[in-house]
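Here the protein sequences line up with chains B and Y, keeping their order. Residues 4 to 131, numbered by my numbering, are exactly what the first sequence covers, in order. Residues 318 to 533, numbered by my numbering, are exactly what the second sequence covers, in order. The beta-carbon is built from N, C-alpha and C at its ideal position, and this holds for glycine as well.
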Amino acid sequence: MSKARVLLVDDEREFAATLTERLSLRGYEASAAFTAEEAITAVAASAPDVILLDLNLPGVRGVELLMTLRQLLPHGEIILLSGHLDLAEKIEGVRIDAFGLLLKPVEMAELTAKIDAAQAKRGTHATR
Amino acid sequence: MQPADAAVEKALRSFAAGMIGLAAHELNNRLAVMRETLGLMEDLARAGKAGVAGTARAHASLDDQVGRALNIVRTLSGLGGALGSTGGGFDAGATIGDFLGLTERWARQQSLRIEREIASGLPRASGDPALFLCLTHRLLVGCAANLRPGGSIVLRADCYGAGIRLGLHPSGERADGPTMPGTTDDVINRELARRLGAELLYEGGGAPTIKLAAAP
């Protein structure tokens with residue numbers, strides 16, 4: 004199984020840039036989007052395997068962005084990664100079939116295990 | 318418990334939970350940047366790619382994040398002190414400053430700019446600062462609901478007679494949201510104001526204003 008192509012969507016630029024670099028050092032093809040618009044453009048252009056999504060982006064309801072990305076990427080996996088997830092977001096994340104929910108700060112081993120599991124799930128679907 | 322007591326109790330709990338949530342969110346984000354910065358330093362060292370410039374950048378980033386985390390802790394501590402005070406009045410200007418420090422993330426998410434104009438030499442305000450902050454927060458959320466992204470709200474505190482006047486002045490394109498006066502929310506706001514011993518008015522264009530008495 005090849006390493007996932009990962010898009011990290013987070014307005015915390017320093018966090019996103021650093022995590023993207025760390026994932027790249029581990030063999031993932033990682034890139035970052037800092038706004039909802041950038042995320043939609045990136046997904047439409049490159050259809051990543053896995054999206055790491057912070058639901059708390061400025062100027063947009065996180066759940067609406069999640070639904071938009073889900074429509075644009077029906078065969079990709081979306082993992083929610085946030086400094087805070089309220090109950091409504093958790094419920095909505097499950098309803099819209101997010102692959103997982105991770106709370107910042109996250110351990111790299113936990114994150115990469117989740118990304119790999121998401122990629123494996125995609126592979127399973129692809130071979131059906 | 319009377320219905321009004323229950324509503325006020327619920328509003329206060331919701332406010333406190335919201336403030337704690339905002340602080341936890343912001344601290345988690347600062348810790349996340351620190352963890353990733355340290356992790357990247359370790360990754361680069363293991364790969365033999367760590368350079369002096371990269372290490373210096375990482376140190377500067379860590380220093381910045383620690384400073385920002387400390388600001389949150391100080392703000393939270395100030396707010397905790399205000400909420401825990403009993404009698405003797407409170408410093409409305411400092412309390413508003415601490416409150417706005419915690420609402421920065423919320424304002425960014427709403428794509429709103431929130432500014433404060435606190436006059437110097439304000440007297441200490443009378444009443445319970447928890448009621449004051451809860452009311453201010455509810456009015457701020459009400460103003461935000463009536464503004465489209467890109468708008469701004471100025472919190473202006475000045476002397477008014479012997480007391481203090483806090484006005485919330487929204488500007489920008491109006492949304493089709495609810496207006497505060499006459500809503501169920503406003504019934505709770507007026508009850509909060511009554512218990513605070515303050516007057517709640519909606520002045521020109523519906524801008525809410527709290528008039529607080531000075532502490533004796």
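A direct Cα-Cα distance of roughly 21 angstroms separates residue 473 of chain Y from residue 503 of chain Y.
A distance below 8 angstroms separates the beta carbons of residue 450 of chain Y and residue 332 of chain Y. A direct Cα-to-Cα measurement between residue 456 of chain Y and residue 419 of chain Y gives close to 16 angstroms. Inter-segment contact for the stretch 109–122 of chain B and the stretch 38–47 of chain B is absent: fewer than three beta-carbon pairs are separated by less than 8 angstroms. One finds nothing in chain Y with a Cβ atom closer than 8 angstroms to the Cβ of residue 4 of chain B; even the nearest lies about 22 angstroms away.
Chain B places a beta carbon closer than 8 angstroms to that of residue 364 of chain Y, counting this residue as a contact. Per DSSP, residue 73 of chain B is one residue of the alpha helix (DSSP H) stretching across 65–75. For residue 483 of chain Y, the CB contacts under 6 angstroms within the same chain, skipping 5 residues up- and downstream, are 474 and 527 in chain order. At a beta-carbon threshold of 8 angstroms, the residues of chain B lying near residue 346 of chain Y are 15, 18, 86 and 107, ordered along the chain. Nearest neighbour of residue 425 of chain Y by Cα position, chosen from Y:524, Y:470 and Y:405, turns out to be Y:470. Residue pairing of residue 480 of chain Y in beta bridges, as defined by DSSP: Y:477. Residue 464 of chain Y is a Cβ neighbour of residue 489 of chain Y, given a cutoff of 8 angstroms. In this structure, the CA atom of residue 444 of chain Y is about 8 angstroms from the CA atom of residue 530 of chain Y. Bridge partners of residue 527 of chain Y according to DSSP: Y:483 and Y:517. Annotation: the continuous beta strand (DSSP E) that includes residue 53 of chain B extends over 53–56. Taken in chain order, the whole alpha helix (DSSP H) runs of length 4 or more contained in the stretch 335–361 of chain Y number zero.
Residue pairing by DSSP places residue 472 of chain Y opposite Y:433 and Y:485 in a beta bridge. Taking the CA atoms as reference points, residue 34 of chain B sits about 12 angstroms from residue 56 of chain B. One finds nothing in chain B with a Cβ atom closer than 7 angstroms to the Cβ of residue 368 of chain Y; even the nearest lies about 14 angstroms away. Non-local beta-carbon contacts of residue 82 of chain B in its own chain, meaning distances under 8 angstroms to residues more than five positions away in sequence, involve 53, 54, 55, 56, 101, 102, 103, 104, 105, 117, 118 and 121 in chain order. For residue 419 of chain Y, the enclosing alpha helix (DSSP H) starts and ends at 409–426. For residue 459 of chain Y, the enclosing alpha helix (DSSP H) stretches over residues 446–462. Looking at the DSSP output, residue 106 of chain B bridges to B:85. Among the residues of the stretch 22–33 of chain B, those with a Cβ less than 7 angstroms away from any Cβ of chain Y are 22, 24, 25 and 28, in the order of the chain.
Proximity to residue 330 of chain Y across Y:460, Y:448, Y:510 and Y:369 peaks at Y:448, based on C-alpha coordinates. With contacts defined as CB atoms closer than 8 angstroms, residue 62 of chain B and residue 428 of chain Y qualify as a contacting pair.
For residue 380 of chain Y, no chain B residue has a Cβ inside 9 angstroms of its Cβ, as the nearest lies near 13 angstroms away. In the DSSP annotation of this structure, the continuous segment of the alpha helix (DSSP H) that includes residue 378 of chain Y starts and ends at 369–401. Taking 8 angstroms as the cut-off, the beta carbon of residue 324 of chain Y is found no closer than this to the beta carbon of residue 516 of chain Y. Among the bridge pairs identified by DSSP, residue 5 of chain B is matched with none.
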